[in-house]
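A.B. asks: Let me begin by handing over the structure; questions about it come next.
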Amino acid sequence: MREFSLPALYEVPADGNLTDLVRRNAVQHPDVPVIARKDSGGSWRDLTAREFLAEVRAAAKGLIAAGIRPGDRIGLMSRTRYEWTLLDFAVWSAGAVTVPVYETSSPEQVQWILDDSGAVGCIVETGAHAAAVESVRDRVPSLEHLWVLDDGAVQKLADAGAQVADAVLDEHSSAANADAPATIVYTSGTTGRPKGCVLSHRAFFADCGNVVERLRPLFVPGQGSVLLFLPIAHVFGRMVQLAAVMAPIRLGLSPDIKHLTDDLAGFRPTLILGVPRVFEKVYNAARAKAQSEGKGKVFDRAAETAIAYSRALDAPSGPSLGLRLRHRLFDKLVYGKLRAVLGGRATHAISGGAPLGERLGHFYRGIGFTVLEGYGLTESCAPTAFNPYDRPKIGTVGQPLPGSAVRIADDGEVLLRGEHLFSGYWNNEAATAEAMADGWFRTGDIGTLDEDGYLTITGRKKEILVTAGGKNVAPAVIEDRIRAHALVAECMVVGDGRPFVGALITLDEEFLPRWAEEHGKAGLPREALLADPELLAAVQRAVDDGNAAVSRAESVRRFRILPHQFTEESGHLTPSLKLKRAVVARDFAQEIEALYA
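In UniProt numbering, the protein residues as written are 1 to 597.
Below, the structure is given as structure tokens:
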């Protein structure tokens with residue numbers, strides 16, 4: 001059993017709650033832009049700390065006028081946009097508890113979350129969302145209020161609360177102490193009903209405060225900026241929002257990842273938060289563009305140079321003179337253009353949600369854009385480990401959050417302890433007791449700690465496959481390598497109780513047409529394209545690359561290409577884009593059987 005901890009860099013306030021952050025900013029940085037919203041013309045408009053506080057207070061007064069009391073739960077169902085952040089702080093300022101609902105949720109999921117949390121109100125983005133809530137309203141007896149953002153909910157709240165006295169608002173705002181619930185975040189639910197994780201104001205203070213202090217050069221007040229395009233309904237997006245306000249740095253909110261490139265160019269953040277798929281797509285798109293322009297070999301040489309340069313940075317002697325010269329040449333030819341795609345100002349990104357992969361990590365550091373991998377869960381307010389900006393170890397998820405501890409149990413399970421952990425599962429004492437062991441939270445993940453306290457996650461405890469030959473296989477290692485190929489969207493390894501390991505693979509819907517055109521197969525019907533020998537050979541190369549990372553007993557012997565990508569709508573991905581393995585295995589049982597026929 002190995003354990004590692006770091007001393008806290010941030011002291012959680014003895015009392016108070018997250019509303020203190022917006023009041024503090026308005027006093028200490030009244031004229032500093034703290035948040036930016038897009039106007040109807042697509043331009044970014046800044047709000048100062050003083051202006052943001054005024055809008056938060058106006059909306060909070062409207063909630064109070066509607067009868068919202070301290071401790072009440074309020075659902076919030078919307079894409080990432082300015083109003084999400086505004087109303088999150090308004091709910092807290094009214095003394096209430098925010099309950100995020102993914103904007104892609106089905107009526108059944110909406111009903112479960114609102115009813116289980118006992119929500120008395122719900123704020124939704126669109127009329128379609130309102131219809132989803134109305135369709136299940138008779139099964140949510142606690143629900144009294146429904147506000148629609150696209151129908152002017154923010155202004156209506158401000159108008160309704162105009163007569164609420166400041167003293168009444170201040171009384172509501174101070175009702176919650178540090179240990180009171182700030183939010184109930186329902187897990188994505190890869191199996192069974194989502195569980196509501198109760199996260200206190202203290203937990204977010206401990207998590208965001210220590211992240212900001214450890215990464216302080218990336219969170220410089222008045223100078224730094226971050227573009228948030230992840231769902232704020234997900235705990236990672238929520239942490240980004242709160243860390244930006246805590247720092248404070250300028251926060252921009254982008255509702256549609258399809259416009260990410262334009263938003264990065266327009267907002268020009270100094271820090272980017274993302275998931276591995278975003279960084280994979282940037283790399284694959286740049287490589288495909290270079291190939292289409294006849295510059296594929298130049299790009300590949302530049303990529304290999306970047307990777308070699310990054311690896312050499314970790315060696316005692318550093319990069320050789322020849323490598324430094326090649327790196328300088330490709331910086332002018334290739335790397336600068338790639339950094340421009342990311343907005344041109346950011347030198348670092350923080351990535352979570354899934355492993356990035358060592359090769360891609362070295363590539364990005366080699367082009368002058370270091371991706372700091374981290375690790376966390378809903379139960380830990382997102383990051384419970386992350387790579388420090390000054391001492392990253394590529395291939396790991398970094399050291400524990402300052403003020404917390406990580407322990408590796410005898411069976412390899414990662415255990416956590418710290419102020420940033422959840423208070424328990426809402427209305428589910430049995431699940432809470434099962435998740436905790438002598439004050440340690442059982443993550444369900446398998447990992448290792450090195451001598452410097454850097455954590456490496458190797459897989460999920462429940463996802464470990466045992467082949468008929470008795471070999472334990474952690475799917476994540478090979479899946480991540482195969483998925484790094486531009487053609488591959490998702491990969492799910494199978495083989496539990498089987499004679500060998502196989503894989504179900506889906507292809508990237510954006511990249512596939514480009515591949516077909518480049519290889520003279522644009523006219524082929526989709527079914528014929530997916531069975532084309534040249535395409536199968538390309539996917540086989542991706543599988544071979546994945547196999548290179550594992551032993552022969554763990555390697556994928558056969559694969560099947562499925563007709564379409566997995567999506568949240570198809571029921572095969574969670575809102576945070578994790579595979580619902582049991583659902584995929586059920587729906588594609590015939591394809592799995594065919595692997596072993």
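Glycine residues also receive a C-beta, built at the ideal position from the N, C-alpha and C atoms.
The model shown is predicted, which means the values in this text are computed figures rather than measured ones.
So what's T378 in DSSP terms, helix, strand or just coil?
C.D. replies: Looking at T378 - three-state DSSP - the assignment turns out to be helix.
A.B. asks: Do you know how far the Cα of S551 is from the Cα of L562?
C.D. replies: Straight-line Cα distance between these residues: approximately 26 Å.
A.B. asks: Does the structure place the stretch 168–179 close enough to the stretch 84–103 that three or more beta carbon pairs sit under 8 Å?
C.D. replies: A contact exists between the stretch 84–103 and the stretch 168–179.
A.B. asks: Please identify the residue among F52, H519, A489 and V473 whose C-alpha is closest to the C-alpha of G497.
C.D. replies: Of the candidates F52, H519, A489 and V473, the one whose C-alpha sits nearest the C-alpha of G497 is V473.
A.B. asks: Between the alpha carbons of Y10 and V501, how many angstroms are there, rounded?
C.D. replies: Straight-line Cα distance between these residues: approximately 46 Å.
A.B. asks: Find out if the Cβ-Cβ distance for the pair A484, L360 is shorter than 8 Å.
C.D. replies: Yes, these two residues count as a Cβ contact at 8 Å.
A.B. asks: Short of 7 Å in beta carbon distance, which residues of its chain neighbour A549, apart from the five on each side in sequence? Order them along the chain.
C.D. replies: Answer for A549: V477, I478 and R481, listed in chain order.
A.B. asks: DSSP three-state call for residue 616: helix, strand or coil?
C.D. replies: Beyond the ends of the chain as shown, which are 1 and 597, falls residue 616; an answer cannot be given.
A.B. asks: Have a look at D31 and A180 and give me their C-alpha separation to the nearest angstrom.
C.D. replies: Cα to Cα, the separation comes out at about 31 Å.
A.B. asks: Looking at the strands, I want to know which residues DSSP matches up with H348.
C.D. replies: DSSP, once it has assigned bridges, lists L271 and T370 as partnering H348.
A.B. asks: Between the Cα of V99 and those of C197, F559 and D300, spot the shortest distance and give me the residue it belongs to.
C.D. replies: It is C197.
A.B. asks: For T190, which residues of its own chain have a beta-carbon under 8 Å away from its beta-carbon, when the five flanking residues on both sides are left out?
C.D. replies: In this prediction, T190 scores a pLDDT of 49, lower than 50, which makes its location untrustworthy; the coordinate-derived value is nonetheless stated afterwards. If we look at T190 and ignore the five residues flanking it on each side, its Cβ neighbours are T574, K578, L579, K580, R581 and A582.
A.B. asks: May I have the straight-line CA-CA distance separating T126 from L6, to the nearest angstrom?
C.D. replies: Each residue's alpha carbon lies about 45 Å from the other.
A.B. asks: In three-state DSSP terms, what is T384?
C.D. replies: Three-state DSSP puts T384 in a strand.
A.B. asks: State whether the stretch 246–253 contacts the stretch 32–39, with contact taken as three or more CB pairs (one from each stretch) at a distance under 8 Å.
C.D. replies: Contact holds: three or more Cβ-Cβ distances are below 8 Å.
A.B. asks: Hey, how far is the Cα of L377 from the Cα of G398?
C.D. replies: Cα-Cα distance, rounded: 15 Å.
A.B. asks: Can you give the Cα-Cα distance for V226 and E451, rounded to whole angstroms?
C.D. replies: Cα to Cα, the separation comes out at about 33 Å.
A.B. asks: Taking DSSP as the reference, what is the three-state secondary structure of G322?
C.D. replies: Note: G322 maps to helix in three-state DSSP.
A.B. asks: Would you kindly work out how many angstroms separate the C-alpha atoms of D20 and E527, rounded to a whole number?
C.D. replies: Distance between the alpha carbons of D20 and E527: 58 Å.
A.B. asks: Go through the stretch 186–267 residue by residue and report every complete run of the beta strand (DSSP E) that reaches 3 residues or more, in order.
C.D. replies: Taking only runs of at least 3 residues, the beta strand (DSSP E) segments lying wholly in the stretch 186–267 are 196–200, 225–228 and 250–253.
A.B. asks: Between which two residues does the beta strand (DSSP E) containing G67 stretch?
C.D. replies: G67 -> no beta strand (DSSP E), and no H or E assigned at all.
A.B. asks: Are the Cβ atoms of residue 600 and A243 separated by less than 8 Å?
C.D. replies: Since the first and last residues shown for the chain are 1 and 597, residue 600 lies out of range.
A.B. asks: Would you call the CB atoms of L143 and L169 closer than 8 Å?
C.D. replies: Result no, Cβ atoms of L143 and L169 do not sit closer than 8 Å.
A.B. asks: Measure the C-alpha to C-alpha separation of P269 and A354 and round it to an integer number of angstroms.
C.D. replies: Roughly 23 Å between the two C-alpha positions.
A.B. asks: Find the nearest neighbour of G121 within the set W147, F566, N427 and A14, judged by alpha-carbon distance.
C.D. replies: The shortest Cα separation from G121 among W147, F566, N427 and A14 belongs to W147.
A.B. asks: Under 7 Å from any heavy atom of the ligand NAD, does the C-beta of E509 make it?
C.D. replies: Among the components of this structure there are no ligands whatsoever, and the ligand NAD is therefore not found.
A.B. asks: DSSP beta-bridge partners for P400?
C.D. replies: Per DSSP, A385.
A.B. asks: So, using beta-carbon positions, are D116 and N427 closer together than 8 Å?
C.D. replies: Going by C-beta atoms, D116 is nearer than 8 Å to N427.
A.B. asks: Determine which residues share a DSSP beta bridge with I505 and list them.
C.D. replies: The partner list for I505 (beta bridge, DSSP) reads C491 and I561.
A.B. asks: Do you know offhand how far F511's Cα is from P107's?
C.D. replies: Rounded to whole angstroms, F511 to P107 spans 33 Å at the Cα level.
A.B. asks: Only counting the same chain, and skipping five residues up and downstream in sequence, which positions put a Cβ closer than 8 Å to that of A385?
C.D. replies: Cβ within range, chain order: G374, Y375, G376, V397, G398, Q399, P400, L401, V406 and L455.
A.B. asks: Using alpha carbons as the reference points, say which of Y102, S404 and F89 lies closest to S78.
C.D. replies: Nearest of Y102, S404 and F89 to S78, Cα basis: Y102.
A.B. asks: Quick check: what's the CA-CA separation for G209 versus A131?
C.D. replies: Between G209 and A131, the C-alpha separation is close to 39 Å.
A.B. asks: Give me, in chain order, the residues of the same chain whose beta-carbon lies closer than 8 Å to that of V12; leave out the 5 immediate sequence neighbours on both sides.
C.D. replies: Only A178, R202, F205, A206, G209 and E419 meet the Cβ criterion.
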